[in-house]
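Novice: Supplied in structure tokens, the structure appears directly below.
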């Protein structure tokens with residue numbers, strides 16, 4: 014698939030389109046809401062800093078910023094499978110769209126109020142050769158003192174299909190040892206660090222004492238991530254998503270990742286909004302699935 018010619022795209026006021034040293038297009042916007050940086054590759058939000066706040070997303074200093082390479086951090090967009098494709102070990106990890114160029118549909122940065130950025134992606138000959146289903150995706154980001162993302166998946170083909178999807182945000186926590194996630198007590202999860210055993214979350218607060226990689230199933234619950242080292246609380250509200258993931262690679266896994274510095278595992282936690290495993294979505298011809306997430310940032314209340 015040929016990359017869109019972003020040089021010809023008419024960037025509106027308060028936005029600039031540039032290229033990383035390795036050739037990756039980057040869209041930066043700034044305004045009353047704060048600042049944000051996107052890569053049109055993958056419709057990937059790389060940086061988001063609301064006015065008067067510290068950055069809300071983590072990106073590794075070793076991350077690649079090159080065409081066809083995944084970005085380690087920010088909010089990767091995953092579709093139509095999550096993780097490795099079952100029965101197809103030759104397929105790319107996390108699907109077809111995170112390392113392909115999306116179309117910038119519009120950018121609106123008003124003098125007051127939220128900035129809105131819209132992207133779209135349609136199946137093409139290249140994606141159809143890997144996954145034989147026509148589809149169309151739209152992503153809309155609304156940025157203010159919070160972040161809202163609306164994602165629509167539409168089946169544009171003549172046959173039904175099944176898909177998995179995820180938003181995979183990396184959130185800074187300062188020190189993972191003091192961070193915690195709550196809202197998932199009682200949910201069943203697949204523990205990827207223990208042979209994919211099915212377990213039930215028994216604790217109110219999920220703390221981090223080693224590698225953590227859990228896919229929580231049949232849950233639309235809100236999650237709260239507390240980061241005492243930063244004095245920050247994040248509330249995640251979602252709809253159209255029935256799974257959640259909590260992930261931190263810890264020491265050995267981080268050291269094995271070439272696009273992450275060895276010590277950076279201490280600085281972030283991923284709380285992901287997902288449809289996967291037994292929450293895979295089935296979509297009839299002409300039908301759409303709507304997926305929405307709100308990330309609400311606040312100061313951590315004094316204890």
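Numbering (my numbering), first residue to last: 14 to 316.
Virtual Cβ for every residue (Gly too), placed ideally from N, Cα, C.
Taking residue 261 as the reference, give the member of 125, 310, 293 and 206 with the closest Cα.
Specialist: 206
Novice: For the putative contact between residue 34 and residue 54, defined by C-beta atoms under 8 Å, what is the C-beta separation to the nearest angstrom?
Specialist: Not quite, the Cβ-Cβ distance comes to about 15 Å (not below 8 Å), so this is no contact.
Novice: Could you check whether the stretch 87-94 touches the stretch 167-183, counting it as contact only if at least three pairs of C-beta atoms, one from each stretch, sit closer than 8 Å?
Specialist: yes
Novice: Please indicate yes or no: does the CB of residue 165 lie closer than 6 Å to some heavy atom of the ligand HEM?
Specialist: Absence of the ligand HEM from the depicted structure is noted, as is the absence of any ligand whatsoever, leaving it without description.
Novice: What residues in its chain sit with their C-beta under 6 Å from that of residue 31, if we drop five residues either side in the sequence?
Specialist: 39
Novice: Here's a check: name, in chain order, each residue in its chain whose Cβ is nearer than 8 Å to the Cβ of residue 217, leaving out the five neighbours to either side.
Specialist: 195 and 198
Novice: Compute the beta-carbon to beta-carbon distance between residue 320 and residue 224, rounded to the nearest angstrom, for a pair I have assumed lies under 8 Å.
Specialist: Here the chain comprises residues numbered 14 to 316, so residue 320 is not present and cannot be evaluated.
Novice: From residue 15 to residue 113, what does the alpha carbon distance come to, in whole angstroms?
Specialist: In this prediction, residue 15 scores a pLDDT of 45, lower than 50, which makes its location untrustworthy; no coordinate-derived value is stated.
Novice: Is it the case that the Cβ atoms of residue 90 and residue 59 are separated by a distance below 7 Å?
Specialist: no
Novice: Leaving out five residues on either side along the sequence, give the residues of the same chain with a beta carbon under 8 Å from the beta carbon of residue 64.
Specialist: 45, 46, 47 and 158
Novice: Give, in chain order, every unbroken run of the alpha helix (DSSP H) that is at least 4 residues long and sits entirely within the stretch 230-315.
Specialist: Complete alpha helix (DSSP H) runs here, min 4: 263-269.
Novice: If you compare alpha carbons, which of 279, 293, 239 and 291 is closest to residue 312?
Specialist: 239
Novice: Report the option in 83, 278 and 123 whose CA atom is closest to the CA atom of residue 52.
Specialist: 83
Novice: Can you tell me whether DSSP reads residue 320 as helix, strand or coil?
Specialist: It is not possible to answer for residue 320, since the shown part of the chain is limited to 14 through 316.
Novice: Quick check on residue 221: buried or exposed, where buried means 16 or more other Cβ atoms within 10 Å of its Cβ?
Specialist: buried
Novice: Less than 7 Å between the beta carbons of residue 184 and residue 254, yes or no?
Specialist: no
Novice: Across which residues does DSSP place residue 144 in a beta bridge pair?
Specialist: Its beta-bridge partners do not exist; DSSP assigns none.
Novice: Cβ of residue 154 within 7 Å of Cβ of residue 130?
Specialist: Contact: yes.
Novice: Mapping the DSSP letters down to three states, classify residue 14 as helix, strand or coil.
Specialist: Residue placement at residue 14 cannot be trusted, given a pLDDT of 42 that sits under 50; the coordinates are not used to answer.
Novice: Residue 57 and residue 87: beta carbons closer than 7 Å?
Specialist: yes
Novice: Do you know whose CA, among 229, 191 and 190, lies nearest residue 209's CA?
Specialist: 229
Novice: To the nearest angstrom, how far is the alpha carbon of residue 99 from that of residue 61?
Specialist: Straight-line Cα distance between these residues: approximately 33 Å.
Novice: Quick one: using the 10 Å Cβ neighbour count with 16 as the cut-off for buried, is residue 50 buried or exposed?
Specialist: buried
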